[in-house]
Structures are given as C-alpha cells and as structure tokens.
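These notes are about the structure you will find just below.
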Amino acid sequence: MISRQTRSQSSLLSVVIPIHNEAQVIPALLNRLYRVAQDLPLPVELVFIDDGSTDDSVRLLLTEGSPAASIRVLKLSRNFGKEAAVSAGMEAAMGNAIVLMDADLQDPPELIPDMVAQWRRGADVVLMKRRSRKGETWLKRTTAALFYRLMNRISDASIPIDTGDFRLMSRRAVDAFLALPERNRYLKGMFAWVGMTTETLEFDRDPRAAGQTKWNYLKLMQLAVDGITSFSTKPLRLALFLGLASASAGGAFGLWEVLKVLVFGTTLPGYASLIAVITFLAGVQLLCVGLLGEYIGRIYLETKQRPVYLVAEELSAPSSRHQPVPLRVANHDQPL
Ligand code: UDP
Ligand code: MG
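This is the structure we're talking about:
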C-alpha cells in the first residue's frame with residue numbers, strides 16, 4: 085500500500101463515483117465529465133468504484149477513453165453498498181482535492197469548476213446543498229426531512245439539511261475521513277464529524293438521468309438505523325426512560341387495583357385493560373432489548389475488524405493529454 089505521505093500529487097483533481105449497474109447512464113456521464121475536465125485548469129482523474137455491477141458498466145467505463153481525463157476503475161469483489169464503495173474510492177484517489185458524486189447525473193458535473201474555485205480559495209469542504217429535489221416523491225422528501233431533523237436532535241455532529249454526498253474535499257479533509265477507523269460507515273455522519281472549513285453552494289438537483297434507483301424504503305430505514313446508532317447513544321437512554329416510565333405506570337396501576345379491591349371489595353373483571361397493559365409492556369421491553377441488540381451487534385461487527393471492502397482488481401484507461409504525474413514525497417494539503 086502506498087503511504088499517505090507519498091501519494092498526493094501537486095494539483096490533481098480526483099472525481100470519485102460509485103457505480104452499481106449504471107450502464108444506462110455511463111455514456112452520458114462520461115461525456116459530460118470529459119467536457120468539464122477539458123476546461124478545468126488542472127489534470128483530472130476519474131475514479132470509478134464498481135460496486136459489484138452485473139451489467140456492462142465496467143466495459144463501458146474502459147472503452148470510452150478520452151484525452152481530457154484519466155480513468156481508473158476499482159472493481160470490488162462484490163456489492164458492498166454505496167458507503168463502502170465511496171470509502172474505497174476515497175482511499176484510492178490520489179488528488180489534492182476529491183469530488184464525490186453519484187453516477188446517475190443527479191449531481192451535475194458542470195458544477196465542479198465552481199467547487200474547485202472554492203477549494204482554491206481555501207475551503208477544505210465544499211458542500212452542495214439542494215435547492216430543489218426534482219423527480220423525488222413527496223414521501224421521500226418528507227421522510228428524508230424528518231430523519232435529518234431527528235438525527236440532528238440526537239447526535240452530536242449535526243448534519244447539514246439538504247446536503248447529500250455530492251461535495252468536494254481537500255486532501256486534508258479526506259485524510260481525516262480515512263483516519264476514522266469504524267467499519268460501519270455512515271458517510272453523512274462521518275463527514276459531519278470531520279468538520280473543517282466548509283463552504284456551501286446551492287444547486288438544483290436533477291432527476292436520475294436513466295436507470296433505476298438502488299434504494300428502497302427498507303434499505304433507507306436500515307441506513308437510518310445505522311445513522312442513528314452509529315452516531316449517538318441517546319436512544320439507549322431513551323430506552324431506559326421508556327422502561328422506567330412504563331414500569332412506574334404499571335406499578336401505580338397495580339397499586340390502584342389493589343386499593344380498589346380493598347375499598348370496594350371486588351372489581352369488574354378487566355380483561356381488556358389487562359391485556360392492553362401486558363402487550364404494551366411487552367412491546368416496550370422488546371423495543372429496549374432490540375435497541376440493546378443493535379448496539380451489541382455494532383460492537384460485534386467492529387471487533388471483527390474486517391476490512392470495509394475488498395478490491396478484486398484495478399483497471400485503468402490512462403489519458404493521453406496528462407501523462408501520469410510522478411509521485412511526490414511532500415503532502416500538498418493546500419490548494420495550489
Ligand atoms: N450505488 C453503489 N452501490 C449500491 C447502491 C448504489 O455504488 O449498492 C451507487 C449508484 O451507482 C449511484 C449512487 O450509489 O452512483 C447513488 O445511488 P442511487 O442514485 O440509486 O441512489 P439515490 O440517488 O436514489 O438515493
Ligand atoms: Mg440517485
């Protein structure tokens with residue numbers, strides 16, 4: 085492995101893009117990226133991470149070469165999920181600045197020059213904030229908004245509302261991100277945790293250019309649980325309070341029943357209320373046990389110390405305009 089010290093090059097821009105069955109958008113994506121790269125004043129490498137695609141994606145990436153930018157394709161050994169794929173790409177990228185974007189052209193590549201300009205002015209992180217979310221359903225927008233509000237309430241590093249993974253990061257920010265050792269990689273939370281000098285630009289998010297979204301509500305819910313449990317232990321405290329509250333309510337209720345028997349003799353047989361109380365308490369207990377289980381599961385996964393992803397092979401289609409720049413020893417953190 086190349087040490088972090090030796091792998092920065094002077095003024096190279098890496099664009100990191102995770103790919104999972106994106107054959108339908110790749111020709112358009114490459115086209116637009118090349119057009120942008122041509123006009124940029126610095127060499128560009130495109131780092132694609134093939135996250136276990138089963139379609140033509142990899143072949144398409146390597147056949148559409150251009151002098152505007154060099155192409156590297158990291159083939160992961162299977163589908164590890166977007167979060168792992170992005171970590172792989174950031175680890176492999178050699179640039180002084182790294183732009184992270186989706187393959188589906190929801191994040192327009194034409195904004196990259198503006199992002200680079202902000203970085204040259206000294207920003208470590210250039211966040212892209214969505215002004216609008218075209219092509220997303222009302223349900224997705226509202227649930228997303230609710231989730232971020234909840235996340236920001238309960239976790240310490242607050243995640244900026246309406247920003248996705250589309251962003252530019254300086255070498256310094258990327259190295260800080262890569263130094264976070266956890267296996268469970270909740271990107272938005274980790275990026276927020278890293279912090280650093282941040283500039284925010286607004287943009288209109290386009291609908292997906294072609295192909296299908298890889299998310300469904302189950303996956304999004306899993307991501308939400310990951311997000312909450314990996315960045316906050318407050319739900320554990322909530323479980324404690326819930327348990328306490330329902331136990332005291334149950335106790336008070338029991339006492340009340342006993343008193344009623346003592347004062348009035350007998351009471352009406354109250355099956356309905358009994359069953360309600362029992363199921364409620366059983367529910368609270370299961371909830372708390374499940375919550376504990378989430379955290380214990382997380383501890384288990386972390387202690388196994390497995391790598392976040394496995395690279396099967398690295399392929400490349402070097403650009404003819406920019407010969408590979410020799411590796412330098414100095415670490416150029418500052419924009420040049
Ligand atoms: N992606 C990936 N691995 C996966 C799922 C998605 O690398 O298991 C990539 C996908 O190819 C795309 C990006 O992650 O570049 C975002 O996916 P998508 O557009 O489907 O998500 P959405 O924009 O709908 O949230
Ligand atoms: Mg998308």
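Numbering (this note's numbering), first residue to last: 85 to 420. We treat Cβ as the ideally placed atom computed from N, Cα and C, and that holds for glycine.
- Looking only at Val361, Cys372 and Glu286, the smallest Cα-Cα distance to Ile196 is reached by Glu286.
- Ala176 has its CB no nearer than 7 Å to any heavy atom of ligand 1.
- DSSP, read as helix, strand or coil, puts Val392 in coil.
- Taking each of Arg204, Asp249 and Met174 in turn and checking the Cα distance to Ser95, the smallest one comes out for Arg204.
- Within the model, the alpha-carbon separation for Glu194 versus Arg321 is close to 46 Å.
- Annotated three-state conformation of Phe325 is helix, per DSSP.
- Summarising the contact set, residues whose Cβ lies nearer than 7 Å to any heavy atom of ligand 2 are, in chain order, Asp186, Asp188, Gln190, Arg292 and Thr297.
- Relative to ligand 1, the beta carbon of Gly311 is positioned no closer than 7 Å to any heavy atom.
- Going by beta carbons, Val99 and Leu189 fall outside the 8 Å limit.
- The alpha carbon of Val131 has as its nearest neighbour, out of Ala107, Asp139, Ala366 and Ile101, the alpha carbon of Ile101.
- Gly173 has its CB no nearer than 7 Å to any heavy atom of ligand 1.
- Remark: C-beta atoms of Val183 and Met199 approach each other more closely than 8 Å.
- Runs of beta strand (DSSP E) with 3 or more residues, each lying fully within the segment 230 to 309, are found at 247 to 254 and 282 to 289, listed in chain order.
- Taking 7 Å as the cut-off, the C-beta of Asn180 does not count as close to any heavy atom of ligand 1.
- Judged by the Cβ position, Pro102 qualifies as a neighbour of ligand 1 at the 7 Å threshold, a heavy atom of the ligand being closer than this.
- For Asp186, no beta strand (DSSP E) encloses it, and the DSSP letter there is neither H nor E.
- In the DSSP annotation of this structure, the continuous segment of the beta strand (DSSP E) that includes Asp134 starts and ends at Val128 to Asp134.
- Residue pairing from DSSP places Glu397 in a beta bridge opposite Lys159.
- As computed with DSSP, Ile359 is found in no beta bridge at all.
- In the three-state scheme derived from DSSP, where H, G and I count as helix and E and B as strand, Arg382 is classed as helix.
- With a 10 Å radius around the Cβ and a threshold of 16 neighbouring Cβ atoms, Pro127 comes out buried.
- DSSP places Val200 within a helical segment (H, G or I) once states are collapsed to three.
- In the three-state reduction of the DSSP assignment, Ala207 falls in the coil class.
- Here Ile312 is buried. Its C-beta has 16 or more other C-beta atoms within 10 Å.
- By the 16-neighbour rule on beta-carbons within 10 angstroms, Lys318 is exposed.
- Less than 8 Å divides the Cβ of Lys166 from the Cβ of Asp135.
- In this structure, Lys272 has its CB at a distance of at least 7 Å from all heavy atoms of ligand 1.
- At least one heavy atom of ligand 1 lies closer than 7 Å to the C-beta of Trp299.
- The beta carbon of Lys159 sits no closer than 7 Å to any heavy atom of ligand 1.
- In the three-state scheme derived from DSSP, where H, G and I count as helix and E and B as strand, Ala112 is classed as helix.
- The C-beta of Asn180 has 16 or more other C-beta atoms within 10 Å across all chains shown, which makes the residue buried.
- In the DSSP assignment, Leu144 falls outside any beta strand (DSSP E) and within the unbroken alpha helix (DSSP H) covering Ser141 to Thr147.
- In chain order, Asp208, Val209 and Ala257 place their CB closer than 6 Å to the CB of Met280, counting only its own chain and leaving out the 5 sequence neighbours on each side.
- Taking 7 Å as the cut-off, one finds no heavy atom of ligand 1 near enough to the beta carbon of Lys213.
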